[in-house]
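Asker: Sequential numbering from 1 applies to the sequence shown in our numbering.
Beta carbons: idealized from backbone N, C-alpha and C, even for Gly.
Sharing a structure below in structure tokens format, with a few things to ask.
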Amino acid sequence: QNTDPGSIDDPELDAVISVALEKDRDRRYSSCDDFVADLESATSASAVSRPSPTVAGRKGLAPLYIGLTSLLVLLLVIVSWRLTQTSPSDDIHAVAVLPLINSSGNPDQEFLADGVTSAVINELSKIGTLKVIARQSVMRFKNSQLTLREIADDLGVDAIVSGNVIRAGDRIHISAELVRATSEENIWADSFDERFENVLALHSRLARDIARQINVSQTITDKVFPGSSRTVDPQAYEAYLRGRHHVYMLSQADAEAALEYFRTSLAIDSTFADAHAGVALAFTALNQMNAMDPSKAISEIETALDRAAELDSTLALVYYTRALIDTWGRWDWDSALDNFDRTLDLNPNYGEAHAYFAHLLYILRRGDEGMPHAERSVELDPHNSLFRSLYGDALLFEGDAEAAAEQFRLSQQTAPRSFVNFNGLNWAYAALERFEDANLQRIRKYEAAEDPEMVAALQTGFAAGGYRTASLRAATILAARAESTFVGPIQIQRLYTDAGEAELSLDWLQHGFDAHEPGMPYIGVIPDAAVLRQSERYPNMLRKMKLEMWIE
Numbered sequence: 001q002n003t004d005p006g007s008i009d010d011p012e013l014d015a016v017i018s019v020a021l022e023k024d025r026d027r028r029y030s031s032c033d034d035f036v037a038d039l040e041s042a043t044s045a046s047a048v049s050r051p052s053p054t055v056a057g058r059k060g061l062a063p064l065y066i067g068l069t070s071l072l073v074l075l076l077v078i079v080s081w082r083l084t085q086t087s088p089s090d091d092i093h094a095v096a097v098l099p100l101i102n103s104s105g106n107p108d109q110e111f112l113a114d115g116v117t118s119a120v121i122n123e124l125s126k127i128g129t130l131k132v133i134a135r136q137s138v139m140r141f142k143n144s145q146l147t148l149r150e151i152a153d154d155l156g157v158d159a160i161v162s163g164n165v166i167r168a169g170d171r172i173h174i175s176a177e178l179v180r181a182t183s184e185e186n187i188w189a190d191s192f193d194e195r196f197e198n199v200l201a202l203h204s205r206l207a208r209d210i211a212r213q214i215n216v217s218q219t220i221t222d223k224v225f226p227g228s229s230r231t232v233d234p235q236a237y238e239a240y241l242r243g244r245h246h247v248y249m250l251s252q253a254d255a256e257a258a259l260e261y262f263r264t265s266l267a268i269d270s271t272f273a274d275a276h277a278g279v280a281l282a283f284t285a286l287n288q289m290n291a292m293d294p295s296k297a298i299s300e301i302e303t304a305l306d307r308a309a310e311l312d313s314t315l316a317l318v319y320y321t322r323a324l325i326d327t328w329g330r331w332d333w334d335s336a337l338d339n340f341d342r343t344l345d346l347n348p349n350y351g352e353a354h355a356y357f358a359h360l361l362y363i364l365r366r367g368d369e370g371m372p373h374a375e376r377s378v379e380l381d382p383h384n385s386l387f388r389s390l391y392g393d394a395l396l397f398e399g400d401a402e403a404a405a406e407q408f409r410l411s412q413q414t415a416p417r418s419f420v421n422f423n424g425l426n427w428a429y430a431a432l433e434r435f436e437d438a439n440l441q442r443i444r445k446y447e448a449a450e451d452p453e454m455v456a457a458l459q460t461g462f463a464a465g466g467y468r469t470a471s472l473r474a475a476t477i478l479a480a481r482a483e484s485t486f487v488g489p490i491q492i493q494r495l496y497t498d499a500g501e502a503e504l505s506l507d508w509l510q511h512g513f514d515a516h517e518p519g520m521p522y523i524g525v526i527p528d529a530a531v532l533r534q535s536e537r538y539p540n541m542l543r544k545m546k547l548e549m550w551i552e
């Protein structure tokens, strides 16, 4: 029998105390009320289960009761304090992973440092409670001389992750640290050394450790980073990273180079799901650049995506690419909605998915749902000129041409030759009845395209009769060209719309429908749809596109 008056031989009370003092916030009591309730229950149960002591026994137990009461009071004080305290990292809700430094001394290994940076960003982005800045916005700070606080202020984050990468033979070494933005205080630092074939698991482990330092709950980290024993052939992974490096360059030559690297990766390891997804990404880029036949591109994309999904059903890129094809290729709105939802479920910080999901929702006349996604994309990738342009489109769809024009102008600062910006500003200025400025944006677009005939038509047409005349002359030229070579029907249709020629515009919409033009989904939401509504044929086209919600 235990006769030590200072000990507590009570399993129920012991369990309550253990939970109260648990280090993991998710495992201990969330409030004092919960703690007190369990404490009362445990002590009541103890009192009922114990036999009543004799008078002499009561005197002998007095020190125990006094000690127990003191202990309970102390526990209440401790728990109350712990429940009202936050750890040094509790106020971190947004983080940026700066480009990791290539410490190999070999410039040819730069792709590895960039690839690991992207992988860690992608892993952290799976945490829905955390804002993670996207790759494009952080890459501009590569080799930056700015302080961490200045970078954090620019990106709107609470903490910065930095570090370095080096590969030595069949091993990879990564050092990383987490720094608070406001004080530049080091919150955490660690180094990781692994065989290169385990690099995929290493990315996940690094992201998991960072997440735990900023008090992401263990429940979430266990779900997002379940642990993986997946390995990859080092040469296959190197080829894959080189492909990713090229695909971000946004040129046809780079997209073609990326495709070859992804194929090389698969020739080494045909079970590498990421490389199959990379093939789909490269074909998507080539398709968007009109560098290949759309039907062939979509076939290649679907084949690659199907194989990637078979190998790894958790790749957000697979569902995102399917959502793009559903929206701008198949015009299958229900499937597109499902695939965007699945994408953002797997990766809530996928800025590109937010940007294009917003457009789909506007296409379906659900702008109240679309705008938050458009805004989120810019928050996640503030220096991505394309996302800012797509946000400008959303503002146009809302009817706020002035705000839209401002976004396109901001985007032009970093993408001065972007056709998306030329088109967006053309629309915005036309909506504001700044027709000379609107025409100037079209002139600049065709100057960038090195098309002097179109430039001259727009200049002389505007001088002769203003915006409508300029639009009509430009449309006539492109329509004539279309008789002998491919010209995007929507490009011609929009010029006829600007010219006020509703029937000719509808003719070219029909051509766009027949050619399955990616611009067709926008025929309901476009700012100049008022011209199209003059024709009785317009509702029929909306029905063909399954966009009946725009019929008035």
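Mind the definition here: the stretch 532-552 touches the stretch 503-522 only if three or more C-beta pairs lie below 8 Å; say whether that holds.
Answerer: Yes, they touch.
Asker: Indicate whether the contact test is met: 3 or more Cβ pairs, each with one atom in the stretch 125-136 and one in the stretch 254-267, closer than 8 Å.
Answerer: Too few Cβ pairs lie closer than 8 Å, so no.
Asker: Within 10 angstroms of the Cβ of Asp368, are there 16 or more other Cβ atoms? Answer buried if so, exposed if not.
Answerer: Classification of Asp368: exposed, given that the 10 Å Cβ count is below 16.
Asker: Between which two residues does the beta strand (DSSP E) containing Arg365 stretch?
Answerer: Arg365 -> no beta strand (DSSP E), and no H or E assigned at all.
Asker: Using the C-alpha atoms, what's the distance from Leu532 back to Ala502?
Answerer: About 5 Å.
Asker: If you draw a straight line from the alpha carbon of Ile325 to that of Ala464, how long is it in whole angstroms?
Answerer: Near 43 Å, if we compare the C-alpha coordinates of Ala464 and Ile325.
Asker: Identify whether Gly105 lies in helix, strand or coil by the three-state DSSP scheme.
Answerer: Three-state DSSP puts Gly105 in coil, outside helix and strand.
Asker: Assess, as a yes-or-no matter, whether the stretch 88-106 is touched by the stretch 156-163 under the definition of 3 or more beta carbon pairs within less than 8 Å.
Answerer: Result yes; three or more Cβ-Cβ pairs closer than 8 Å.
Asker: Leaving out five residues before and five after Ala428 in sequence, what residues of the same chain have Cβ atoms less than 7 Å from its Cβ?
Answerer: Counting only Cβ-Cβ distances below 7 Å, and skipping sequence neighbours, we find Leu396, Ala401, Ala404, Ala405, Phe408.
Asker: To which residues of the same chain is Ser103 closer than 7 Å at the C-beta, ignoring the five residues directly before and after it?
Answerer: Contacts found: Asn164, Val165, Ile166.
Asker: Can you look up Phe141 in the DSSP assignment and give me helix, strand or coil?
Answerer: Three-state result, Phe141: coil.
Asker: Taking the alpha-carbon positions, what's the Val216 to Gln534 distance?
Answerer: When rounded, the distance between both Cα atoms is 55 Å.
Asker: Would the stretch 508-524 count as touching the stretch 316-330 if we require 3 or more Cβ pairs under 8 Å?
Answerer: The stretch 508-524 vs the stretch 316-330: in contact.
Asker: Starting from the C-beta of Pro489, find all residues in its chain whose C-beta is less than 7 Å away, skip the five residues before and the five after it, and write them out in chain order.
Answerer: These residues qualify, in order along the chain: Trp508, His511, Gly512, Ala515, Glu517.
Asker: Which class does Asn439 belong to by DSSP, given the choice of helix, strand or coil?
Answerer: In the structure shown, Asn439 sits in a helix (DSSP, three-state: H, G or I).
Asker: Three-state secondary structure (DSSP) at Glu185?
Answerer: Residue state, collapsed to three classes: coil.
Asker: Secondary structure at Phe532, three-state DSSP: helix, strand or coil?
Answerer: According to the sequence displayed, residue 532 carries Leu and not Phe. DSSP places Leu532 in helix when its eight states are reduced to three.
Asker: If contact is defined by three or more beta carbon pairs under 8 Å, each pair taking one atom from either stretch, is the stretch 300-317 in contact with the stretch 331-340?
Answerer: Output reads no: the stretch 300-317 does not touch the stretch 331-340.
Asker: Can you find a CB in chain D that lies within less than 8 Å of the CB of Lys142?
Answerer: The structure shown has no chain D; it contains just one protein chain.
Asker: Based on Cα-Cα distance, which residue from Gln235, Leu178, Arg212, Ala176 lies nearest to Arg195?
Answerer: Among Gln235, Leu178, Arg212, Ala176, the Cα nearest to that of Arg195 belongs to Gln235.
Asker: Using a Cβ-Cβ cut-off of 8 Å (strictly less than) and excluding sequence neighbours within five positions of Arg376, which residues of its own chain qualify?
Answerer: Cβ neighbours of Arg376 beyond the five flanking positions: Gly351, His354.
Asker: The alpha helix (DSSP H) spanning Arg212 covers which residue range?
Answerer: 199-213 is the extent of the alpha helix (DSSP H) around Arg212.
Asker: I'd like the span of the beta strand (DSSP E) that includes Ser162, first residue to last.
Answerer: 159-168 is the span of the beta strand (DSSP E), which, as asked, contains Ser162.
Asker: Please determine if the stretch 417-424 and the stretch 436-451 are in contact, where contact requires at least 3 C-beta pairs separated by less than 8 Å.
Answerer: With the cut-off at 8 Å, the stretch 417-424 and the stretch 436-451 touch.
Asker: Are the beta-carbon atoms belonging to Arg135 and Ile121 less than 8 Å from one another?
Answerer: Yes, the Cβ-Cβ distance between Arg135 and Ile121 is below 8 Å.
Asker: Do Phe486 and Gly553 come within 8 Å of each other at the CB atom, strictly closer than that value?
Answerer: Since the first residue of the chain shown is 1 and the last is 552, residue 553 is not available in this structure.
Asker: Please look up how many angstroms separate the CB atoms of Thr271 and Ala239, rounded, as I've assumed it's under 8 Å.
Answerer: 14 Å between Cβ atoms; not a contact.
Asker: How long is the line joining the alpha carbons of Val157 and Ala211, rounded to whole angstroms?
Answerer: In a straight line, the C-alpha of Val157 is about 15 Å away from that of Ala211.
Asker: For Leu402, which of helix, strand or coil comes out of DSSP?
Answerer: In the sequence as presented, Leu is not what sits at residue 402; that position holds Glu. Helix.
Asker: Under a Cβ-count criterion, where at least 16 other Cβ atoms within 10 Å of its own Cβ denotes burial, should Asn384 be classed as buried or exposed?
Answerer: With 16 or more other Cβ atoms within 10 Å, it is buried.
Asker: So what's Ile172 in DSSP terms, helix, strand or just coil?
Answerer: In this structure, Ile172 counts as strand in the three-state DSSP scheme.
Asker: So, with DSSP's three-state summary, where would you put Val77?
Answerer: Because Val77 carries a pLDDT of 49, less than 50, the predicted location of this residue cannot be relied on, and the following value inherits that uncertainty. It is helical.
Asker: Do Tyr362 and Arg342 have their C-beta atoms closer together than 8 Å?
Answerer: No. Outside cutoff.
Asker: CB-CB under 6 Å to Met289, same chain, minus the five flanking residues each way: which ones, in chain order?
Answerer: Counting only Cβ-Cβ distances below 6 Å, and skipping sequence neighbours, we find Gln252.
Asker: For Leu432 and Arg442, which I take to be in contact (beta-carbon distance under 8 Å), what is that distance rounded to the nearest angstrom?
Answerer: The Cβ separation is near 15 Å, so there is no contact.
Asker: Pull the bridge partners of Arg195 from the DSSP assignment, please.
Answerer: DSSP output for Arg195 lists Arg171 as bridge partner(s).
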